[in-house]
Amino acid sequence: MQSVNSQLEEQVNLPKIEYGIGVSRSECLVGNVGTSAVRFAALIGACSSNALRLAALCAYFGTSILTDESLALPLQTGFITRAVHFMQKKSIFDSEKLSLDDGGDDRQVIYQLLAENRVNDDEWLYELEQQENNNKYREFDQAFGLLRGDVNIELLGEICEVFGTYSTKNPQDKVVSLLYTQLSDYLKLDTKEVESAVRSFSLEKTDIPLHTDPSFIL
Numbered sequence: 000m001q002s003v004n005s006q007l008e009e010q011v012n013l014p015k016i017e018y019g020i021g022v023s024r025s026e027c028l029v030g031n032v033g034t035s036a037v038r039f040a041a042l043i044g045a046c047s048s049n050a051l052r053l054a055a056l057c058a059y060f061g062t063s064i065l066t067d068e069s070l071a072l073p074l075q076t077g078f079i080t081r082a083v084h085f086m087q088k089k090s091i092f093d094s095e096k097l098s099l100d101d102g103g104d105d106r107q108v109i110y111q112l113l114a115e116n117r118v119n120d121d122e123w124l125y126e127l128e129q130q131e132n133n134n135k136y137r138e139f140d141q142a143f144g145l146l147r148g149d150v151n152i153e154l155l156g157e158i159c160e161v162f163g164t165y166s167t168k169n170p171q172d173k174v175v176s177l178l179y180t181q182l183s184d185y186l187k188l189d190t191k192e193v194e195s196a197v198r199s200f201s202l203e204k205t206d207i208p209l210h211t212d213p214s215f216i217l
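If you want it as structure tokens, here you go:
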């Protein structure tokens, strides 16, 4: 897409193409639906509805590709990612459960896919750039990971301090801005309420519209 956008800008003076992709994985049914007279290809399952919702969130967060924990393992080895937020383990259909549901935490982490994790040994400059990308969000991800455990008000203050530092350095980063703003509000709660609030912390607790209507996709 970078190549396409460069050509659009340089050759025909058109604005760049912005896109949002949602990626999820689960068991699903794929085939033709309908009658012999009228039928269409369909994919029915948690992955399709969840990917739809992730694609819609790209527009809000200013990201290009979002995925979830169904692809967490391959993402760790092949790609550079960062955590974005938590989302409930359910699809857009109330009765549909994600195959990821293991009976524990009812939340899953949303990840932003930043780049492929490739390093060419004979290109030292590229390698330095790749290492910089790998380390850019390391402290941020470590602080985010703490939100999956028991968080008291002191620990929450430390997490917010990390997010606040990132937000100051990157004021246009919508991901960090949302996390910092919402979690800072939790610091105003009673000490006993903080742990419960953080344990249920997810996008469903925000005013972000989680689109369920596929009509907005071309």
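Going by the numbering used here, the first residue of the sequence shown is number 0, and it counts up by one from there. Glycine residues also receive a C-beta, built at the ideal position from the N, C-alpha and C atoms. Just so we're clear, the structure is a prediction, and the values are computed from it rather than from any experiment.
> Hey, Asn31 and Ala40: beta-carbon distance below 8 Å or not?
Replying inline: yes
> Tell me which same chain residues have a C-beta within less than 7 Å of the C-beta of Asp100, skipping the five on either side of it?
Replying inline: In this predicted model, Asp100 has a pLDDT of only 44, less than 50, meaning its place in the structure is not dependable; the value taken from the coordinates is given anyway. Once the five neighbours on either side are set aside, the close Cβ partners of Asp100 are Lys88.
> What distance in whole Å lies between the Cβ atoms of Val83 and Leu65, which are believed to be in contact at a cut-off of 8 Å?
Replying inline: So it is a contact: roughly 7 Å between Cβ atoms.
> Is Met115 helix, strand or coil by DSSP?
Replying inline: Looking at the sequence shown, residue 115 is not Met but Glu. Strand at Glu115.
>> So Leu155 and Tyr185 are supposed to be a Cβ contact under 8 Å. How far apart are they, rounded?
In response: Taking a contact as a CB-CB distance under 8 Å, the pair Leu155 and Tyr185 counts as one, their CB atoms being some 6 Å apart.
> DSSP three-state call for Phe60: helix, strand or coil?
Replying inline: helix
> Among residues of its own chain, excluding the 5 on either side of Gly61, which ones have a beta-carbon nearer than 7 Å to its beta-carbon?
Replying inline: Lys173
> Helix, strand or coil: which one does DSSP assign to Phe78?
Replying inline: strand
> With 16 as the cutoff for other CB atoms within 10 Å, does Gly202 come out buried or exposed?
Replying inline: The sequence as given places Leu at residue 202; Gly does not occur at that position. The residue in question, Leu202, is buried, as its Cβ has 16 or more Cβ neighbours within 10 Å.
> Measuring CA to CA, which of Asp67, Lys15, Asn49 and Leu177 is closest to Asp206?
Replying inline: Leu177
> What distance in whole Å lies between the Cβ atoms of Ser23 and Asn4, which are believed to be in contact at a cut-off of 8 Å?
Replying inline: Their Cβ separation, rounded to whole angstroms, is 26 Å, which puts Asn4 and Ser23 out of contact at 8 Å.
> Buried or exposed: Arg52, going by 16 or more other Cβ atoms within 10 Å of its Cβ?
Replying inline: buried
> Does DSSP classify Asn169 as helix, strand or coil?
Replying inline: Assignment of Asn169 by DSSP, reduced to helix, strand and coil, places it in the coil class.
>> Quick check on DSSP: helix, strand or coil for Phe200?
In response: coil
> Can you pull the DSSP bridge partners for Ile43?
Replying inline: The partner list for Ile43 (beta bridge, DSSP) reads Leu28.
> Distance, Cα to Cα, Ala58 vs Leu74?
Replying inline: 22 Å
> Tell me which same chain residues have a C-beta within less than 7 Å of the C-beta of Leu28, skipping the five on either side of it?
Replying inline: Closer than 7 Å at the Cβ level, and outside the excluded window around Leu28, lie Ile43 and Gly44.
> With a CB to CB cut of under 7 Å and the five nearest residues on each side skipped, what residues in its chain are close to Asn151?
Replying inline: Val193 and Glu194
> Based on Cα-Cα distance, which residue from Glu8, Val11, Thr34 and Phe143 lies nearest to Phe200?
Replying inline: Phe143
> Which residues does DSSP pair with Arg106 in a beta bridge?
Replying inline: The beta-bridge partner set that DSSP reports for Arg106 consists of Gln87.
> Should Thr34 go down as buried or exposed, given a rule of 16 or more other Cβ atoms within 10 Å for buried?
Replying inline: The residue in question, Thr34, is exposed, as its Cβ has fewer than 16 Cβ neighbours within 10 Å.
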